[in-house]
Amino acid sequence: MAYADNFNRAARPGPIAAVIAIHAGIGYLLVTGLGGAIMDRIIQQNPDVIDIPIDPPTPIDEPPPPQPEDSAVDPIVQVPAPPLDFNKPADFKVEPADLPPVDDFIITKIPVPMPTPGPSVAPKPSFDPVAARPRNDPSRWVTTDDYPSAEIRKGSEGTARFRLQIAANGKVESCTITRSSGSARLDEATCRNVERRAKFDPARNGENQPVAGRYESSVKWVLPE
2 MAYADNFNRA ARPGPIAAVI AIHAGIGYLL VTGLGGAIMD RIIQQNPDVI
52 DIPIDPPTPI DEPPPPQPED SAVDPIVQVP APPLDFNKPA DFKVEPADLP
102 PVDDFIITKI PVPMPTPGPS VAPKPSFDPV AARPRNDPSR WVTTDDYPSA
152 EIRKGSEGTA RFRLQIAANG KVESCTITRS SGSARLDEAT CRNVERRAKF
202 DPARNGENQP VAGRYESSVK WVLPE
């Protein structure tokens, strides 16, 4: 091996020196501009252009798009329900419940509170109450024939106002002078004649029953001509 190495080292200096000389010459020509003239001459002497076919680039196969992963959830499948047979007898038995006997129950009657009666309300009257009314002509109760002679001689005149108390049978029970005529004799003659001559239909209540009542009027005393 040592011999071979020595032999190779002795044989290499010649070619290496030639290569270095060629590169140096080319570099010199390029620097000095002579290289361009030489290249032009070479091109002019060989005008033919040789097309060297170039293989088209090999297309790059794109990886296929990723496929969607299958869902882990199974699709819902609608299963039709089986038809129901309502005529099919039931396959179960209902056991009666254990109930206590009826005698064990004690039914207690709960008292119902009675409403407290309120104040009695008088029924609405079926008739309108009626006051006592004269049964004969009031203008005939006292006349000029009843004028006291003493008052005629004195020339006494005036109006006596009175109130009568009427019993349930229509009879005058009393007479009261409510406004004097100015003469005691004329007032006395007024009540005396009215009590004797006046006749009344008694007053009636809402049930159309005769009741006691009152009557008020007046007598005007004027001297006869």
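Using my numbering, you'd call the opening residue of the sequence shown number 2 and step up by one each time.
In this text, a Cβ means the ideal position worked out from N, Cα and C, and glycines have one as well.
Inclusion of P225 and V212 in the CB contact set at 8 Å is not warranted, their separation being larger than that value.
S150 carries a helical assignment under DSSP once its states are collapsed to helix, strand and coil. For L187, the uninterrupted alpha helix (DSSP H) segment begins and ends at 185-198.
F163 sits away from T145, with the two beta carbons spaced by 8 Å or more. Taking each of N206, Y216, P64, L187 in turn and checking the Cα distance to V143, the smallest one comes out for L187. Cβ-Cβ distances below 8 Å link R197 to nothing in the same chain once the five nearest sequence neighbours on each side are left out. For E63, no beta strand (DSSP E) encloses it, and the DSSP letter there is neither H nor E.
The beta carbons of V122 and R205 sit no closer together than 8 Å.
By the neighbour-count criterion, in which a residue is buried when 16 or more other Cβ atoms sit within 10 angstroms of its Cβ, I167 is buried. DSSP links V212 through a beta bridge to A204.
Rounded to whole angstroms, the gap between the alpha carbons of E217 and G119 is 41 Å. Listed in chain order, the non-local C-beta contacts of T117 below 8 Å within the same chain number zero, local neighbours out to five positions each way being set aside.
In the structure shown, the three-state DSSP call for S140 is helix.
In this structure, the beta-carbon distance from R193 to A133 does not fall below 8 Å.
With contacts defined by Cβ atoms closer than 8 Å, F201 and P139 do not form a contacting pair.
In terms of Cα proximity to T191, the closest of G171, E174, A161 is A161. Per DSSP, the unbroken beta strand (DSSP E) holding A161 starts and ends at 159-167. For the pair W222 and E158, the CB atoms are nearer than the 8 Å cut-off.
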